[in-house]
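First up is the structure itself, then whatever we jot down about it.
Number of protein chains: 2
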Amino acid sequence: MVQSETKTVDERVALRRREILHAASTLFRRRGLQRTGMRDIARALGVAVGQLYYYFENKEALLAYCQEVCLERLLTESAMIRREKAPASVRLSRLIEAHLRCLNEEIPGSLAHLEVESLNEPTKQRILRLRKKYEEALIGLLKEGQADGTLVASDPVLTVRLLLGALNWSVKWFNRDGSTTLDSLVQTAQAYLVPLTPRPPARRVTTSESSS
Amino acid sequence: MVQSETKTVDERVALRRREILHAASTLFRRRGLQRTGMRDIARALGVAVGQLYYYFENKEALLAYCQEVCLERLLTESAMIRREKAPASVRLSRLIEAHLRCLNEEIPGSLAHLEVESLNEPTKQRILRLRKKYEEALIGLLKEGQADGTLVASDPVLTVRLLLGALNWSVKWFNRDGSTTLDSLVQTAQAYLVPLTPRPPARRVTTSESSS
DNA sequence: TTAGTTTCTGAACCATGGTTCAGAGCGAAA
DNA sequence: TTTCGCTCTGAACCATGGTTCAGAAACTAA
Numbered sequence: 008m009v010q011s012e013t014k015t016v017d018e019r020v021a022l023r024r025r026e027i028l029h030a031a032s033t034l035f036r037r038r039g040l041q042r043t044g045m046r047d048i049a050r051a052l053g054v055a056v057g058q059l060y061y062y063f064e065n066k067e068a069l070l071a072y073c074q075e076v077c078l079e080r081l082l083t084e085s086a087m088i089r090r091e092k093a094p095a096s097v098r099l100s101r102l103i104e105a106h107l108r109c110l111n112e113e114i115p116g117s118l119a120h121l122e123v124e125s126l127n128e129p130t131k132q133r134i135l136r137l138r139k140k141y142e143e144a145l146i147g148l149l150k151e152g153q154a155d156g157t158l159v160a161s162d163p164v165l166t167v168r169l170l171l172g173a174l175n176w177s178v179k180w181f182n183r184d185g186s187t188t189l190d191s192l193v194q195t196a197q198a199y200l201v202p203l204t205p206r207p208p209a210r211r212v213t214t215s216e217s218s219s
Numbered sequence: 008m009v010q011s012e013t014k015t016v017d018e019r020v021a022l023r024r025r026e027i028l029h030a031a032s033t034l035f036r037r038r039g040l041q042r043t044g045m046r047d048i049a050r051a052l053g054v055a056v057g058q059l060y061y062y063f064e065n066k067e068a069l070l071a072y073c074q075e076v077c078l079e080r081l082l083t084e085s086a087m088i089r090r091e092k093a094p095a096s097v098r099l100s101r102l103i104e105a106h107l108r109c110l111n112e113e114i115p116g117s118l119a120h121l122e123v124e125s126l127n128e129p130t131k132q133r134i135l136r137l138r139k140k141y142e143e144a145l146i147g148l149l150k151e152g153q154a155d156g157t158l159v160a161s162d163p164v165l166t167v168r169l170l171l172g173a174l175n176w177s178v179k180w181f182n183r184d185g186s187t188t189l190d191s192l193v194q195t196a197q198a199y200l201v202p203l204t205p206r207p208p209a210r211r212v213t214t215s216e217s218s219s
């Protein structure tokens, strides 16, 4: 709306796209995909419905962009975190935090992968590919944890699905204006969902222990 | 369809209702709530659309019944399990299994609580009350676990939400004709999601322990 | 000012899908 | 056989909501 200055056409378009995405994402998150109409999104932006179709082909494209943006961000962060030089357990902790923040902080991506089923085949496949890539990053991290002895996971694949479920489900109940803070959620999730080995690796050279 | 014999009218109606619920639940689960129309349900049963409205007021009622049946079952089972005389940790294990089976076995309830947002206020409140009751049973169990020393959970309320997320999310990906069996899912979930105390309570009277 | 391009408008179009309803089978009692 | 409920039918009704489009507004360049 307020982007005078000297900007190329493409830049202005890209900017407006983001603004629309932002509004759409917020509503999708708040009222659910099916229950937010194009007219709702337009009203939230204070414009006419037709304008949305000037920037996006259709509603599905809007949803697809939302999911892509969110997944790209998750992939970027996970790649960075995996590269860090730290025990797998603490990297998993970081990843859990990143994931929860990506889904619940501010206004963003919101419905991570949810709702893939209402996309047409080509788009759906693209999203699923990204999703799979992310899942595999997590599985890899779990396996590294087994290797460095900080994590236990009998079945990394299923464990990751359970982990993602616990995290993704938060979009269903976590309410920023609710009583629980995002920080406390992150803490609890880290404590609960990082499958530390029962007895953390000794920090001293000695193996003696006193059982109070 | 095939219930001749001597049955009172109410009995026949109740039976047919179950049949319809069964078909509806299956489709809701398979294609999602929004993407299954009344006509789809009718077709699956081999009858005309109108018949559905002879047994149920509307689509919403159909959904509400699905959720109620599922939640009632969960509540019944959780009540039984909580009453058992066993460490909280093993009762939690049982509950996890019961929950996963209820959601994914055979054809049943399927979308546990999901989709509450597409119910009108009175119905929604009724479902939410049941859901809350179930959540509180789980929270209670976690607290008992802290008391008897078998479980750890810094924040029982949030932990339960994460746990339920992990379990509920399974309806999004678990596919009975897929490669993973329900049994292996149950096992992995129990191993991952029961927050055992790092060092299980001694089973002997003595407290001496040998490391290595 | 004029011409041309970009951006926006909103009424209208149209498919989808929940819902209704007048009437038809059908079994049981009279 | 007739009557009377109980079941069922499916075409039609109608609201919702995604989408289109002819034109207006805004803005730039000549």
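Heads up: the sequence lines are chains A and B, in that order. Add 7 to a position in the first sequence, counting from 1, and you land on the number used in the numbering used here. Add 7 to a position in the second sequence, counting from 1, and you land on the number used in the numbering used here. Beta carbons: idealized from backbone N, C-alpha and C, even for Gly.
Option nearest residue i by Cα separation, candidates the options
i                      : options                   : result
residue 68 of chain A  : A:25, A:16, A:88          : A:25
residue 146 of chain A : A:189, A:89, A:125, A:111 : A:89
residue 84 of chain A  : A:48, A:102, A:190, A:130 : A:102
residue 49 of chain B  : B:28, B:175, B:154        : B:28
residue 155 of chain B : B:141, B:129, B:98, B:170 : B:98
residue 53 of chain A  : A:192, A:65, A:30         : A:30
residue 138 of chain A : A:80, A:44, A:58, A:197   : A:80
residue 148 of chain A : A:189, A:186, A:100       : A:100
residue 198 of chain A : B:36, B:170, B:130        : B:170
Per-residue burial, residue i [other beta carbons within 10 Å of its own, 16 or more giving buried]
i                      : result
residue 56 of chain B  : exposed
residue 61 of chain A  : exposed
residue 104 of chain B : buried
residue 135 of chain B : exposed
residue 200 of chain B : buried
residue 91 of chain B  : exposed
residue 18 of chain A  : exposed
residue 132 of chain A : exposed
residue 16 of chain B  : exposed
residue 175 of chain B : buried
residue 195 of chain B : buried
residue 38 of chain A  : exposed
residue 93 of chain B  : exposed
residue 183 of chain B : exposed
Check whether residue i and residue j have beta carbons under 8 Å apart
i                      : j                      : result
residue 152 of chain A : residue 86 of chain A  : no
residue 205 of chain A : residue 163 of chain B : no
residue 173 of chain B : residue 166 of chain B : no
residue 46 of chain A  : residue 124 of chain B : no
residue 2 of chain A   : residue 150 of chain A : Chain A is shown from 8 up to 219; residue 2 of chain A falls before or after that span and cannot be answered.
residue 122 of chain A : residue 40 of chain A  : yes
residue 21 of chain B  : residue 34 of chain B  : no
Cβ distance (whole Å) where residue i is taken to contact residue j below 8 Å
i                      : j                      : result
residue 109 of chain A : residue 77 of chain A  : 6 Å
residue 177 of chain B : residue 111 of chain B : 6 Å
residue 126 of chain A : residue 192 of chain A : Contact doesn't hold; Cβ gap of about 29 Å is too wide.
residue 158 of chain A : residue 203 of chain A : 7 Å
residue 180 of chain A : residue 23 of chain B  : Rounded, the Cβ-Cβ distance is 36 Å, inconsistent with contact.
Residues, ordered as in the chain, of the stretch 171-186 of chain A that lie near chain B by beta-carbon distance below 9 Å: 171, 172, 173, 174, 175, 176, 177, 179, 180, 181
Residues from the stretch 27-59 of chain B in contact with chain A, defined by Cβ distance under 9 Å: 38, 39, 40, 41, 42
Selection of the stretch 151-162 of chain B by Cβ proximity to chain A, strictly under 9 Å: 159, 160, 161, 162
Members of the stretch 186-206 of chain A that neighbour chain B once the beta carbon cut-off is set at 9 Å: 187, 191, 192, 194, 195, 196, 198, 199, 200, 202, 203, 205, 206
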